[in-house]
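Report on the structure given below.
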Amino acid sequence: MTGEDKFPAVEVLDGKPQKLSLKREVGLVGAVSLVAGTMIGSGIFMSPQFVLVNIGSPGGSLVIWAACGLLAVLGSLCYAELGTVIRESGGEYIYILRTSGPVLAFILIFSSVIFVRPASVAGISLSFAEYALAPFYQDCPCPQLVVKCVAAAGIVVTATVNCLNVRFAMSMQVFFMVAKVLALSVIIIGGVVLLIRGETESFEDSFNGTNLGINPIGIAFYQGLWSYDGWNNLNYVTEELKRPEVNLPRTVMIAIPMVTMLYLLVNVSYLAAMTPRELMLSSAVAVTWGNKVLGSWGWVMSIAAALSAFGSLNGTFFSGGRVCFVAAREGHMPDILAMAHVNRLTPSPALIFTTAISLLVLIPGDFQSIVNFFSFTAWFFYTITLSGLLYLKIKKPELPRTYSVPIVIPILVIMAAIFLVMAPIIDNPAIEYLYVTIFIFSGVLVYVPFIHYKLCPGLLEKVTVFLQLFLEVAPADKNL
Ligand code: ARG
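So this is what it looks like as structure tokens:
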């Protein structure tokens with residue numbers, strides 16, 4: 000029995016209960032903003048100095064940024080094919096479920112719900128808070144408690160908007176995307192002016208000092224890839240996309256190259272305004288850039304960076320809530336998480352759940368470690384997902400697909416992804432990565448008793464009915 004049979008669907012039409020479904024409200028512009036708006040967030044304002052510290056030279060750092068962009072483009076083309084073959088929402092979760100089976104899919108959803116999503120929400124909100132507070136603490140570091148409280152407020156506000164109205168959340172996404180593309184354009188134009196004035200010092204002998212160790216390259220990639228993460232965002236909401244077979248490939252081909260170009264040019268501008276050393280030492284690079292280039296208007300950059308992170312937070316919530324929702328629909332999460340509000344049609348229980356865990360992660364979390372562990376775990380699962388695509392291409396060529404990538408692309412991305420996951424382990428292994436790996440696989444300990452053997456089946460029913468009435472939610476249907 001699924002959640003949809005056990006709990007009443009509330010809407011009644013012609014005397015028959017109707018199942019609620021999320022509407023197909025996302026068109027091409029919304030989709031591009033959903034992808035680009037989530038990708039551009041905290042990273043481009045926080046990571047450049049860490050990429051540089053690890054890789055050691057400005058030339059090397061630009062190569063890393065370009066390579067991360069290429070990886071995101073190639074990865075998303077693979078996902079576009081996956082999205083047109085498997086037309087359900089849910090991203091990696093649903094692809095792993097359909098290609099590699101329920102155990103791996105459960106392990107993914109378990110890590111994703113308990114760590115990956117909340118970690119990304121917490122990471123982005125921390126950068127939102129740092130930048131929002133920067134103008135008020137120009138001469139001294141901002142107290143951590145204040146940063147965390149503002150970050151928590153940011154999380155609660157975005158979650159509330161997403162619970163109230165899909166359309167409003169989408170318009171917010173478009174608004175923030177325009178704002179941040181403008182902000183990045185200001186940085187780029189400033190950079191062009193500096194270059195024309197001959198500020199090219201950082202680019203002389205630009206590969207001098209490049210670090211070629213596996214570990215530093217891997218960590219530099221983790222930092223860069225954090226800024227690109229979100230390239231797969233549309234695959235979480237395929238069911239809400241108008242004409243996914245057309246809009247999915249089209250969106251990624253517009254959004255990701257655009258973001259890559261912006262990031263590269265912004266990095267060039269940072270390096271034109273600062274020496275590599277200044278860049279490495281700056282704690283909030285956009286503020287340092289603003290103070291140097293815009294003078295007394297420098298504070299504008301901190302507001303822009305804060306808004307950018309806020310938009311990314313919104314996009315992360317928009318798609319993140321939906322993953323819980325799909326997994327609950329498949330019986331891998333409590334039923335309540337598969338329900339949508341009866342009038343607003345937003346998956347509010349899943350959103351509330353993600354918020355609660357994100358707030359918990361925020362308490363001990365710091366931006367740097369969050370990013371590294373996030374990238375490690377995320378690429379671990381991207382590797383499994385892409386292997387699923389290879390499997391479909393080789394074993395099920397007959398499945399109808401409106402978009403198909405050349406097989407070398409998933410092979411290349413898988414090789415890169417394996418390198419990424421192994422890099423911090425092979426060379427100079429840090430014990431934390433072992434803990435993360437153990438945590439990822441500990442999902443099996445929950446899967447075997449509760450999902451496979453269905454121990455304590457009635458446990459959640461009473462709670463579900465109570466919460467259903469309290470939150471005014473009902474089971475939602477698939478929208479294929
Ligand atoms: N790229 C975003 C940033 O730079 C982080 C995205 C986190 N991942 C996600 N799926 N929302 O802030």
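Residue numbers (numbering that gives the first Met the number 0): 0 to 479.
Glycine is no exception: its CB is placed at the ideal position from the N, C-alpha and C atoms.
Please confirm whether any heavy atom of the ligand ARG lies closer than 6 Å to the CB of residue 100. no
Take residue 153 as the anchor and find which of 167, 179, 134 and 121 has the nearest alpha-carbon. Ranking the options by Cα distance to residue 153, first place goes to 121.
Could you tell me whether the Cβ atoms of residue 197 and residue 271 are closer together than 7 Å? Taking 7 Å as the Cβ cut-off, residue 197 and residue 271 do not qualify as a contacting pair.
Alpha carbon to alpha carbon, how far is residue 126 from residue 147? 10 Å
Among all the DSSP beta bridges, which residues are the ones paired with residue 340? 472
Could you tell me the alpha carbon to alpha carbon distance between residue 237 and residue 436, rounded to whole angstroms? 29 Å
For residue 419, does the count of other Cβ atoms within 10 angstroms reach 16, so buried, or fall short, so exposed? With 16 or more other CB atoms across the displayed protein chains lying within 10 angstroms of its CB, residue 419 is buried.
Residue 119: beta carbon under 6 Å from a heavy atom of the ligand ARG? yes
Just how far apart, CA to CA, sit residue 96 and residue 123? 28 Å
Contact under 7 Å by Cβ, residue 79 with residue 254: no
Please report the straight-line C-alpha distance between residue 91 and residue 139, rounded to a whole angstrom. 43 Å
Of the residues 177, 132, 52 and 297, which one's Cα is nearest the Cα of residue 208? 52
Residue 450 versus residue 334: straight-line alpha-carbon distance, rounded: 13 Å
Please state whether the Cβ-Cβ distance between residue 89 and residue 325 is less than 7 Å. Annotated as proximal: residue 89 and residue 325, with beta-carbon spacing under 7 Å.
Check residue 358 in the structure and name its three-state DSSP category. Residue 358: helix per DSSP, three-state reduction.
Burial state of residue 228 (16 or more Cβ within 10 Å): Buried.
CA-CA distance, residue 446 and residue 453? 9 Å
Any idea which residues DSSP pairs residue 25 with across the strands? 240
Could you tell me if the beta carbon of residue 250 falls within a distance shorter than 6 Å of some heavy atom in the ligand ARG? no
Closer than 6 Å: is that where the CB of residue 154 sits relative to any heavy atom of the ligand ARG? No; taking the cut-off as 6 Å, the Cβ of residue 154 has no heavy atom of the ligand ARG nearer than that.
Could you pull out every residue in the same chain whose Cβ sits closer than 7 Å to the Cβ of residue 380, ignoring the five residues on either side in sequence? 91 and 107
Suppose contacts are defined by Cβ-Cβ distances below 7 Å. Is residue 178 in contact with residue 149 by that definition? no
Can you name, in chain order, every residue of its own chain whose Cβ lies under 6 Å from the Cβ of residue 216, other than the five neighbours on each side? none
Go ahead and pull the three-state DSSP assignment for residue 453. coil
I'd like the span of the alpha helix (DSSP H) that includes residue 162, first residue to last. 143 to 163
Residue 270 - DSSP class collapsed to helix/strand/coil: Looking at residue 270 - three-state DSSP - the assignment turns out to be helix.
Just to check, is the beta-carbon of residue 406 closer than 6 Å to a non-hydrogen atom of the ligand MG? In the structure shown, the ligand MG is absent; the only ligands present are the ligand ARG.
Taking all protein chains shown into account, do 16 or more other C-beta atoms lie within 10 angstroms of the C-beta of residue 346, making it buried, or fewer, making it exposed? buried
Confirm the yes/no value for this check: CB of residue 212, any heavy atom of the ligand ARG, distance under 6 Å. no
Taking DSSP as the reference, what is the three-state secondary structure of residue 230? Three-state result, residue 230: coil.
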